[in-house]
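Protein chains in written order, with my numbering: chain V, 8 to 377; chain P, 15 to 340.
In what follows, a structure is listed as structure tokens, so that the remarks can point back to it.
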Amino acid sequence: MPRTPIPFPCQIEHLSILDENGGLDAALDPRIDPAELLKLHRAMLLGRRFDERMLGLQRQGRIGTFAPITGQEAAQLGAVAALRASDWMVPSFRETAAEIWRGKPMENFIIFFGGFNEGGRIAPESNDLPLSVPVGSQVPHAVGLAWAMKYRGSDQVAMTFFGDGATSEGDFHEGLNLAAVFQVPVIFVCQNNQWAISIPRARQTRSETLAQKAIAYGMPGIQVDGNDILAVYAAAREAVARARAGGGPTLIECVTYRLSMHTTADDPKRYRSDEDVAVWKKRDPIPRFQRYLTEKGLLSPEKIETLEAEIKAEIQAAVDRAEQQMAQMGDPLEMFDHVYAEMTPDLQAQKAELAQELAAARSEKEDSDG
Amino acid sequence: MAKITMVEALNLALRQEMARDDSVIVLGEDVGVDGGVFRVTDGLIDTFGENRVLDTPLAESGIVGMSIGMAVYGLRPVCEIQFSGFSYENFHQIESHAARLRWRSRGRFTVPMVLRTPYGGGVRALEHHSESREAFWAHMPGLKMVIPSGPRNARALLASAIRDPDPVIFYEPKALYRAFREEVPEAEETLPIGRSQIAREGRDLTLIAYGAMLRPALKAAERLAEEDGLEAEVIDLLTISPLDDSLFVASVQKTGHALLVHEAPRSFGPGAEIVARLVQKAFYYLEKPVARVTGFDVIIPFFSRENSYLPGVERILRQARALLAA
């Protein structure tokens, strides 16, 4: 019998709990506490409105390039909602709502995209890595964190985020492979938003799903409706529990859609039509969740209106704080900070050189003004 | 004190650092059961177990990326990349993250990791097993780049690199792994990173070298003394970045003649930075242009020709004599 089938698990499940109209599959209801449901809803709405405000700031030239999250609120918030504060989150660059959920102040984003490194500061109590720009390169960091947790006997887990494009990167494959070999507590959350700038999902891989890549590495994988926050949460909660119990890593593919541009420097009209986007607008994660919560008696149009006003004020306060802080920032000499634990003699000399240069420029300006 | 090889000295450093600090973790390809292809990690798995000495899958970027995560969590990973010729697979993890996380997080997260890797020619190896690309790493802000030149300083510098709060690329001159033995004290010993040393004192000429090139530089200096009655001072850089120019600048201010030696290709090599510093800080003391004895701007040839590529005693001697000729 030279050719025989080798049996191994080769099925991938798709999980959907809340349909496009907010209808619930009661059998799969993750039974989230009502207060938590409302908190999630608020975070989704805040994520959307903050994105819109950031886009406004960018178009007015008050901040630089950033990557909007619109359409992906459920896919990221459902995942981080399953974490404890003491767990670690390793984001890519499109997890704004999830990072806010984890405690990152909104003004940090405005300061960061406003061109000040100070926006990258991380609170001492936070276990979240700063955002990572090179696609997929952060995946092995989560594996190293998780290995260290296991080594130290901690019950923490690490969760990392990346997009569909990242699944073509070597670091994704190396990271998943290492995590499975060492059976470390890490959850890989793929935000399959269908587009890597202009490259559609079909051009990234011939695989039927992204979740099935887990099979090759010998770990559980699941595909969920990424615009269904209950499904994302249910899958993440299961993966987190497994990881915490020593059951190793999981890959979760959240099928979602980037309704906005890749970054504010991108024009999606060059590669996709309004009709394509319209299909996904109907699957928007926020209205369906609102319908579900309204039917459940947790939300009403009046409550939403109040919430919108609250969020608007909260965002405005963050913008004000950011702009106040940015007005105090900008000392060029601070570029020499945090390069090494101790400033090297060369850096000290270069810092002195720049200080002299700046002083000379100031006095020349004073002379010409005077 | 025992006379040991560089391989044994590096093993001693790892052993002692692992014993004094359980956050020190060794990981890489073949570092466990096999003890590393050069045996630098020999026996560590027996002493410390497979939870401290990790045989990893073949994935350089993953190994370094994982080390970054471990270091952020508070461990002190020492990863081995089997040959520096394979470290380009993980280049972006160092450039994009290891060297930047402190900066990116405004000091909240640090990456106290060491990447050990054998570099350099002279061992009749295959392609990708003989190059010297220290300039790649020395060019990266946020990173330190160390190259020892003998068993004793290799042991002390590796201990320092492991204790250093910043990421360190630790290039091991593979040609010296078993080339000679030195007295290495059993008691812990460290050497400050970022400091060069005077390997031989002299008044007529300054030879600047490091790593595997220190020995030919010293031999050339001995022959100059014996055959020409000229005394060369030899500076061993030990750290490429951050570069300590204090000793070689002072030396050239004394001798008026500088010759630098490295096996890396010449253009944009570490020597170019040394020349720039000398021009800046010792220009009026220089009696002749600075001479460079280096690898050529080619890919290091296969071993039948590598001795013509690598700077050797004769080449150094000829250049030194030309420099000192009236």
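C-beta: ideal position from N, C-alpha, C; glycine also.
Residue j beta carbon less than 7 Å from that of residue i
| i | j | result |
| --- | --- | --- |
| Pro37 of chain V | Tyr299 of chain V | no |
| Ser191 of chain P | Val21 of chain P | According to the sequence displayed, residue 191 of chain P carries Tyr and not Ser. Contact flag set, yes. |
| Ala170 of chain P | Met159 of chain P | no |
| Ala175 of chain P | Pro126 of chain P | no |
| Ile359 of chain P | Gly225 of chain P | Chain P is shown only over 15 to 340; residue 359 of chain P falls outside these bounds and no answer can be derived. |
| Val247 of chain V | Val164 of chain V | yes |
| Leu273 of chain P | Ala193 of chain P | no |
| Ala104 of chain V | Gly54 of chain V | yes |
| Leu232 of chain P | Arg214 of chain P | yes |
| Gly143 of chain V | Phe169 of chain V | yes |
| Ala189 of chain P | Val248 of chain P | no |
| Val193 of chain V | Met80 of chain P | no |
| Ala242 of chain V | Gly228 of chain V | no |
| Met51 of chain V | Met96 of chain V | no |
| Val146 of chain V | Gly177 of chain V | no |
| Val135 of chain P | Ile254 of chain P | It is Gly, not Val, that sits at residue 135 of chain P in the sequence shown. Contact flag unset, no. |
| Ile222 of chain P | Ile288 of chain P | yes |
| Leu205 of chain P | Asn167 of chain P | yes |
| Asp250 of chain P | Ser163 of chain P | yes |
| Leu157 of chain P | Pro181 of chain P | yes |
| Ile322 of chain V | Phe123 of chain V | no |
| Ile19 of chain V | Thr216 of chain V | yes |
| Thr77 of chain V | Leu314 of chain V | no |
| His148 of chain V | Gly88 of chain P | no |
| Ala362 of chain V | Asn234 of chain V | no |
| Glu1 of chain V | Gln83 of chain V | Outside the displayed span of chain V (8 to 377) sits residue 1 of chain V, for which this structure offers no information. |
| Gln65 of chain V | Thr271 of chain V | yes |
Residues sharing a beta bridge with residue i, DSSP
| i | result |
| --- | --- |
| Tyr323 of chain P | According to DSSP, which records beta bridges pairwise, Tyr323 of chain P is partnered with nothing at all. |
| His143 of chain P | BP columns for His143 of chain P are empty, so no partner. |
| Cys93 of chain P | P:Leu41, P:Leu129 |
| Gln211 of chain P | P:Asp250 |
| Glu197 of chain P | P:Lys17 |
| Trp108 of chain V | In the DSSP output, where bridge partners are listed per residue, Trp108 of chain V has none listed. |
| Tyr185 of chain P | P:Thr131 |
| Cys17 of chain V | Beta-bridge pairing links Cys17 of chain V to no other residue. |
| Ala223 of chain P | P:Asp250 |
| Gly170 of chain V | V:Gln198 |
| Pro207 of chain V | V:Trp202 |
| Met8 of chain V | In DSSP, Met8 of chain V forms no bridge with anything. |
| Gly253 of chain V | DSSP lists no partner for Gly253 of chain V. |
| Thr308 of chain P | P:His276 |
| Glu260 of chain V | V:Cys197, V:Gln230 |
| Asp135 of chain V | V:Met96 |
Span of the beta strand (DSSP E) around residue i
| i | result |
| --- | --- |
| Phe195 of chain V | 193 to 199 |
| Gln381 of chain V | Here chain V comprises residues numbered 8 to 377, so residue 381 of chain V is not present and cannot be evaluated. |
Start-to-end residues for the alpha helix (DSSP H) that takes in residue i
| i | result |
| --- | --- |
| Tyr224 of chain V | 220 to 224 |
| Lys302 of chain P | It is not in any alpha helix (DSSP H) - Lys302 of chain P carries neither H nor E in the DSSP assignment. |
| Gln357 of chain V | 352 to 376 |
| Ala34 of chain V | Run containing Ala34 of chain V: none; DSSP gives neither H nor E here. |
| Met113 of chain V | 113 to 120 |
| Glu181 of chain V | 177 to 189 |
| Met156 of chain V | 146 to 158 |
| Ile176 of chain P | 165 to 177 |
| Phe150 of chain P | 148 to 152 |
For the segment 196 to 208 of chain V and the segment 247 to 260 of chain V, state whether three or more C-beta atom pairs, one from each stretch, are separated by less than 8 Å. yes
Do the segment 231 to 251 of chain P and the segment 45 to 64 of chain P meet, that is, are 3 or more Cβ pairs less than 8 Å apart? no
With three or more beta-carbon pairs closer than 8 Å as the criterion, would you say the segment 36 to 44 of chain P touches the segment 86 to 95 of chain P? yes
Do the segment 354 to 372 of chain V and the segment 57 to 74 of chain P make contact, defined as three or more Cβ pairs closer than 8 Å? no
Beta strand (DSSP E) segments (min. 3 residues) lying fully within the segment 238 to 289 of chain P: 246 to 250, 253 to 255, 272 to 279
Would the segment 198 to 218 of chain P count as touching the segment 139 to 147 of chain P if we require 3 or more Cβ pairs under 8 Å? no
To test your reading of the DSSP string, which unbroken alpha helix (DSSP H) runs of 4 or more residues are found completely within the segment 63 to 116 of chain P? 74 to 87
Determine, using beta-carbon pairs with one atom in the segment 115 to 133 of chain V and one in the segment 179 to 198 of chain V, whether at least three such pairs fall under 8 Å. no
Residue ranges of each alpha helix (DSSP H) within the segment 37 to 85 of chain V, 4 or longer: 41 to 66
Which residue spans inside the segment 278 to 338 of chain V form an unbroken alpha helix (DSSP H) run of at least 4? 281 to 288, 292 to 302, 308 to 335
Please determine if the segment 26 to 43 of chain V and the segment 285 to 305 of chain V are in contact, where contact requires at least 3 C-beta pairs separated by less than 8 Å. yes
At least three beta-carbon pairs within less than 8 Å, the segment 58 to 73 of chain V to the segment 134 to 149 of chain V: no
Quick check: the segment 282 to 294 of chain P against the segment 195 to 202 of chain P, are there 3 or more CB pairs under 8 Å? no
Assess contact between the segment 344 to 359 of chain V and the segment 112 to 130 of chain P, defined as three or more Cβ pairs (one per stretch) separated by less than 8 Å. Is contact present? yes
Does the structure place the segment 265 to 283 of chain P close enough to the segment 302 to 311 of chain P that three or more beta carbon pairs sit under 8 Å? yes
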